[in-house]
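There are 2 protein chains.
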Amino acid sequence: MDETTFLRHIAYDSVIFGFSGEKLKILIMKYHNTGLYALPGGFMQRDENLNDAVRRGLRERTGLENIYLEQFYTFGDVARYKPEIMQMILEANGHYSEPHQWMLDRFISVAYYALINYNDVVPTPDALSDSCDWYDMDELPNLMLDHAEIVAKAVQTLRENLERKLVGTNLLPPLFTLTELRKVYEAILGEKLHRGTFQRKILGLGLLQRHEKQFLGKAHKAPFLYSLGD
Amino acid sequence: MDETTFLRHIAYDSVIFGFSGEKLKILIMKYHNTGLYALPGGFMQRDENLNDAVRRGLRERTGLENIYLEQFYTFGDVARYKPEIMQMILEANGHYSEPHQWMLDRFISVAYYALINYNDVVPTPDALSDSCDWYDMDELPNLMLDHAEIVAKAVQTLRENLERKLVGTNLLPPLFTLTELRKVYEAILGEKLHRGTFQRKILGLGLLQRHEKQFLGKAHKAPFLYSLGD
DNA sequence: TTATTATTGTCGCATTTTGAGACAATAATA
DNA sequence: TATTATTGTCTCAAAATGCGACAATAATAA
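Order-wise, the sequence lines are chains B and H. All letters in the first sequence, in the order written, are residues 1 to 230 by our numbering. All letters in the second sequence, in the order written, are residues 231 to 460 by our numbering.
Shown next as structure tokens:
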């Protein structure tokens, strides 16, 4: 990780959303011996597309390829330049050496959000952090720098996009029921939706394909499974 | 303009929209002796907020303060790194010296669009360019690098935001008629809108204040003037 | 075998929103 | 005083939405 590999002043942060079946969750990292919580982020290699750098980081953190990813804002205030915080993180990891000094300079951060299937992810911390865990969206720890603001803007953008694209399916397995999809919408929007109306609207888009029924051994009618694309 | 003033690798580009009364227009710059057309852009000072850097550039180019400004995407592909083009621009301006070498490095560009009142702007070129003029949105010259893609994404984002916010008024003077506002919408969306329906919807938002009538000396009923905010 | 339970797919109806034409009002001109 | 072009507003049909209802059904209990 030397300064000739990466572009100076440019970082990215990612808000990684997952859905547990009930609540919307976000992947948060904790740095060694500092008590600092942060969004997963990283730097851009000199010969690498910005989007590819983010995908590379997500792959390392989640093990997943082909993630649904959307860039939503670039944060560039001077106020987010706090070298003493990065210094603290580096020192807590035993990095006092010259090759890391470039990380103490000012950065702007391009922010992305990702939607992934909660169940096929094993969160993996990076070299500087000792954990990488799911947190309920409404029970996040105190995040460093402007990361709380980044999360807020991610949620806002996700809500706006939810009404335009059929995006919620990325938080579910390939086959899902309409009730599961509705619960995703409810978790994102933070409100209950009428079952009949939701069903009519989603099916009316003509974007879902119906498959065989899902028998869960429950004492009631079994729902159909659906997948994206017809 | 030396390399210690600005952050390396970071630029911005702005898509500045104006409305002539009929068509949507964009401000385009032409570089001296090169035949190259480009969006107005610039660099970020080391002690400056990203948004402030863009406002500074807009002020220099249009003379306006308090412009409606929206960040919409950050372009970071390797393919947009073409040092020979910047080299050509610098040489055409007689800048062969070391202090400009940092401009030949790779840049990512944060893109903004601005909505301004066409009538109170005198476009002003910068040091490297010899003109700065309005072009009809559907008659743009060939733009350098990925600037055509930037314009396309700006238009797409503007259309999406048009339905959410009452944003078209920024392209008009403080007082305007509903017909003028409708023509702005039609120019942005690229389609005719029904007069009665448009009027009902806009007034139904309750965001416009009605003022005295506008008498233009035309042989027909005079329209009311409106302003934003009640 | 038959009733019970919980949930699903879908329908119907009232309400709201939207699309499109119509018509009187009116500012200037003929 | 009639004509012209455009405005503000209305009405009616069509489409979309909100919300409850009801039969269907998969498993369990009686």
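Here a beta-carbon is modelled for each residue, glycine too, at the ideal position from N, C-alpha and C. Predicted model, so just to flag it, every value in this text is computed and none were measured.
Identify each residue in the stretch 332-352 of chain H for which the Cβ-Cβ distance to at least one residue of chain B is less than 7 Å, and report them in chain order. Arg336, Ile338, Val340
Run the CB neighbour count on Thr62(B), radius 10 Å, all protein chains shown included, and call it buried at 16 or more, exposed below. Position 62 of the first sequence, counted from the first residue, corresponds to residue 62(B). That one is buried.
So, is Phe454(H) buried or exposed, given that buried needs 16 or more other C-beta atoms within 10 angstroms? Counted from its first residue, the second sequence places residue 454(H) at position 224. Exposed.
With a threshold of 8 Å, are at least 3 pairs of Cβ atoms found where one atom belongs to the stretch 337-354 of chain H and the other to the stretch 295-302 of chain H? yes
Test item: CB-CB of Gly272(H) and Tyr242(H) under 8 Å: As a first step, residue 272(H) must be located in the second sequence, where it is residue number 42. As a first step, residue 242(H) must be located in the second sequence, where it is residue number 12. Going by C-beta atoms, Gly272(H) is nearer than 8 Å to Tyr242(H).
Going by C-alpha distance, which of Glu379(H), Asp376(H), Asp307(H), Leu254(H) is nearest Gln45(B)? Within the first sequence, residue 45(B) is the residue found at index 45, counting from 1. Minimum Cα distance to Gln45(B) is reached at Asp307(H).
Can you check whether the CB of Ala154(B) is closer than 8 Å to the CB of Val54(B)? Here residue 54(B) corresponds to residue number 54 of the first sequence, with the count starting at 1. Here residue 154(B) corresponds to residue number 154 of the first sequence, with the count starting at 1. No. Outside cutoff.
Tell me Phe176(B)'s beta-bridge partners as DSSP assigns them. On the first sequence, residue 176(B) is found 176 positions in, with the first residue counted as 1. Note: Phe176(B) sits in a beta bridge opposite Tyr226(B).
6 Å Cβ shell around Leu320(H) - same chain, five flanking residues per side excluded: In the second sequence, residue 320(H) corresponds to position 90, counting from 1. A distance below 6 Å between beta-carbons, with the five flanking residues on each side excluded, links Leu320(H) to the following residues of its chain, in chain order: His330.
Measure the beta-carbon distance from Ala382(H) to Leu254(H) and round it to whole angstroms, keeping in mind my assumption that it falls under 8 Å. Counting from one through the second sequence, the residue named residue 382(H) turns up at place 152. Counting from one through the second sequence, the residue named residue 254(H) turns up at place 24. Actually they are not in contact, since the Cβ atoms of Ala382(H) and Leu254(H) sit about 13 Å apart, beyond 8 Å.
Beta-carbon neighbours of Gln71(B), restricted to chain H and to distances below 7 Å: Taking the first residue of the first sequence as 1, we reach residue 71(B) at position 71. The contacting residues are Tyr303, Thr304.
Is the CB of Arg238(H) under 8 Å away from at least one CB in chain B? Start at 1 with the first residue of the second sequence, and residue 238(H) comes out as number 8. So yes, Arg238(H) belongs to the interface.
Val308(H) versus chain B: which residues are under 8 Å apart at the beta carbon? Sequence index remark: in the second sequence, residue 308(H) carries index 78 (1-based). Under the 8 Å cutoff, chain B gives Asp47, Glu48, Asn49.
Mark Arg394(H) as exposed unless 16 or more other C-beta atoms lie within 10 angstroms of its C-beta, in which case mark it buried. Stepping through the second sequence from its first residue, residue 394(H) is reached at position 164. Exposed, by the Cβ-count rule.
Taking the CB atoms as reference points, tell me whether Arg412(H) and Phe428(H) lie closer together than 8 Å. On the second sequence, residue 412(H) is found 182 positions in, with the first residue counted as 1. On the second sequence, residue 428(H) is found 198 positions in, with the first residue counted as 1. Result yes, Cβ atoms of Arg412(H) and Phe428(H) sit closer than 8 Å.
Give me the Cα-Cα distance between Thr387(H) and Gln87(B), rounded to the nearest whole angstrom. On the second sequence, residue 387(H) is found 157 positions in, with the first residue counted as 1. On the first sequence, residue 87(B) is found 87 positions in, with the first residue counted as 1. For Thr387(H) and Gln87(B), the distance between alpha carbons rounds to 39 Å.
Span of the beta strand (DSSP E) holding Met103(B)? Within the first sequence, residue 103(B) is the residue found at index 103, counting from 1. That residue, Met103(B), is in no beta strand (DSSP E); it is neither H nor E in DSSP.
Between which two residues does the beta strand (DSSP E) containing Val245(H) stretch? Position 15 of the second sequence, counted from the first residue, corresponds to residue 245(H). Here the beta strand (DSSP E) through Val245(H) covers 236-249.
In chain order, what residues of the same chain lie with their CB nearer than 8 Å to the CB of Leu281(H), ignoring the 5 residues before and after it? On the second sequence, residue 281(H) is found 51 positions in, with the first residue counted as 1. It is Asn, not Leu, that sits at residue 281(H) in the sequence shown. Closer than 8 Å at Cβ, skipping near neighbours: Leu299, Gln301.
In the stretch 275-355 of chain H, which residue ranges form an unbroken beta strand (DSSP E) of at least 3 residues, counting only runs that do not cross its ends? 298-305, 338-345
Any idea if Arg238(H) is buried or exposed, counting beta-carbon neighbours within 10 angstroms, 16 or more meaning buried? As a working mapping, residue 238(H) is identified with position 8 in the second sequence. Buried, since its Cβ has 16 or more Cβ neighbours within 10 Å.
CA nearest to the CA of Lys177(H), picked from Asp47(B), Arg80(B), Tyr37(B), Tyr96(B): Absent from the model: residue 177(H). The displayed extent of chain H is 231 to 460, so no value can be given.
Here's the rule I'm using: 16 or more other beta-carbon atoms within 10 Å means buried, otherwise exposed. How should Glu180(B) be labelled? For the purposes of this step, residue 180(B) is taken as residue 180 along the first sequence, with counting starting at 1. Glu180(B) should be labelled buried.
CB Ile240(H) to CB Ile10(B), shorter than 8 Å? If you number the second sequence from 1, residue 240(H) lands on position 10. If you number the first sequence from 1, residue 10(B) lands on position 10. Yes. Within cutoff.
Distance, Val184(B) Cα to Lys192(B) Cα: Taking the first sequence and counting its residues from 1, the one referred to as residue 192(B) is at position 192. Taking the first sequence and counting its residues from 1, the one referred to as residue 184(B) is at position 184. Going from the Cα of Lys192(B) to the Cα of Val184(B) covers about 11 Å.
Distance check for Ala222(B) and Phe107(B), CA to CA, integer angstroms please. Looking up residue 107(B) in the first sequence gives position 107. Looking up residue 222(B) in the first sequence gives position 222. Inter-residue distance for Phe107(B) and Ala222(B) is about 52 Å (C-alpha atoms, whole angstroms).
Could you tell me if His220(B) is buried or exposed, where buried requires 16 or more neighbouring beta carbons within 10 angstroms of its beta carbon? Along the first sequence, read from residue 1 onward, the residue named residue 220(B) stands at position 220. Only exposed fits His220(B), as fewer than 16 other CB atoms lie within 10 angstroms of its CB.
Pick out whichever of Gly206(B), Pro125(B), Asn117(B) has its Cα sitting closest to the Cα of Leu175(B). Counted from its first residue, the first sequence places residue 175(B) at position 175. Cα-wise, what sits closest to Leu175(B) is Asn117(B).
Could you give the first and the last residue of the continuous beta strand (DSSP E) run that contains Leu437(H)? Against the second sequence, residue 437(H) aligns to sequence position 207. No beta strand (DSSP E) contains Leu437(H), which DSSP labels as neither H nor E.
Give the DSSP-derived three-state secondary structure of Leu128(B) in the structure shown. If you number the first sequence from 1, residue 128(B) lands on position 128. Coil at Leu128(B), not helix or strand.
What's the call for Thr169(B), buried or exposed, on a 16-neighbour Cβ count within 10 Å? Residue 169(B) sits at position 169 when you count from the first residue of the first sequence. Buried is the call here.
Please classify Phe43(B): does DSSP put it in a helix, a strand, or coil? Taking the first residue of the first sequence as position 1, residue 43(B) is located at position 43. If DSSP states are grouped into helix, strand and coil, Phe43(B) belongs with the strands.
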